[in-house]
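Numbering (my numbering), first residue to last: 7 to 149. Don't be surprised by glycine CBs; every beta carbon is placed ideally from N, CA and C. Please read these numbers as outputs of a predicted model, since none were measured by experiment. Following: one structure in structure tokens, then a few remarks.
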Ligand code: SF4
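Structure (structure tokens):
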């Protein structure tokens with residue numbers, strides 16, 4: 007039986023990155039070629055493509071996803087994309103995310119202070135929500 011694998015859409019060749027580019031990862035494509043793939047990009051439906059960059063800011067003892075140019079808090083909107091995903095796909099077998107992204111990064115996302123200096127590296131906002139909503143699913147990044 008095919009596994010149902012959620013994969014960050016940019017790894018699959020979708021042109022959904024902030025700059026309109028993709029990050030096609032042939033290793034990922036090959037590894038999961040026999041599985042049912044669910045592409046997922048939490049940022050594109052919220053901010054469009056191309057879009058301004060966003061960053062995770064540690065503020066008020068929590069992580070906020072803030073747009074770099076307009077300083078807009080899009081944390082809830084990105085989290086909501088995971089909730090929408092869950093309602094359509096409650097039965098995933100595995101999740102593969104793009105490293106270093108403010109949304110998808112898994113322990114590799116730069117967390118900035120309010121002066122936008124790197125404090126540490128941690129999970130992105132969508133990755134945190136995915137861990138919360140799919141507590142028993144294996145979650146990895148492309149590396
Ligand atoms: S890393 Fe995540 S949010 Fe960024 S383009 Fe890829 S799928 Fe979309």
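- In the three-state reduction of the DSSP assignment, residue 93 falls in the helix class.
- Residue pairing by DSSP places residue 126 opposite 117 in a beta bridge.
- In terms of Cα proximity to residue 89, the closest of 108, 140, 56 is 140.
- Residue 67 and residue 50 have their C-alpha atoms some 27 Å from each other.
- Counting only the Cα atoms, residue 64 lies some 16 Å from residue 133.
- Beta-carbon to beta-carbon, residue 17 and residue 8 are separated by about 18 Å, too far to satisfy the 8 Å threshold.
- The beta carbon of residue 23 lies closer than 6 Å to those of 16 in the same chain, with the five residues before and after it left out.
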